[in-house]
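Taking it in order: structure first as structure tokens, then the write-up.
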């Protein structure tokens, strides 16, 4: 399992990268490996609100459909449209294949450092 310095992690296996104008959200390496080969991604529309802890997208693998939960509250400022045609890029490079960019972040869950996330995953297995 790979984690990246400079990112924060949620206990529902999303990564968060802080930027000047908001945050990027994607799926962790652990999440994509557990899901298996992704074949479809359903993303929200630009301008839609994200509510902390609520599902905002879903991903479909050859195994099942899984919800993606919002690690922050805010407004979707853009989506990664490339994923709509190539959901497998999440499997290939999970830390490059962001799902949404979120602005106006009002709250975020207790996010984990890379080290704390690794410990959390190990305690779950």
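Numbering (my numbering), first residue to last: 1037 to 1161. Note that the Cβ used here is the ideal one computed from N, Cα and C, for glycine as well.
Please report the distance separating the alpha-carbon of residue i from that of residue j.
i	j	result
residue 1060	residue 1067	16 Å
residue 1097	residue 1073	5 Å
residue 1116	residue 1161	31 Å
residue 1127	residue 1069	7 Å
residue 1055	residue 1153	20 Å
residue 1125	residue 1075	10 Å
residue 1130	residue 1093	16 Å
With C-beta atoms as the reference, is residue i less than 8 Å away from residue j?
i	j	result
residue 1112	residue 1084	yes
residue 1123	residue 1077	yes
residue 1046	residue 1147	yes
residue 1082	residue 1109	no
residue 1048	residue 1071	no
Spell out whether any CB of chain D is found under 8 Å from the CB atom of residue i.
i	result
residue 1093	In summary, chain D is missing from the structure at hand, where a single protein chain is found.
Buried or exposed: where does residue i fall if 16 or more other Cβ atoms within 10 Å of its Cβ makes it buried?
i	result
residue 1062	buried
residue 1173	The requested residue 1173 does not occur in the structure, where the chain is confined to residues 1037 to 1161.
residue 1095	buried
residue 1057	exposed
residue 1139	exposed
Going along the chain, which unbroken runs of the alpha helix (DSSP H) with 4 or more residues stay wholly within the segment 1061-1143? 1065-1071, 1118-1121, 1125-1128
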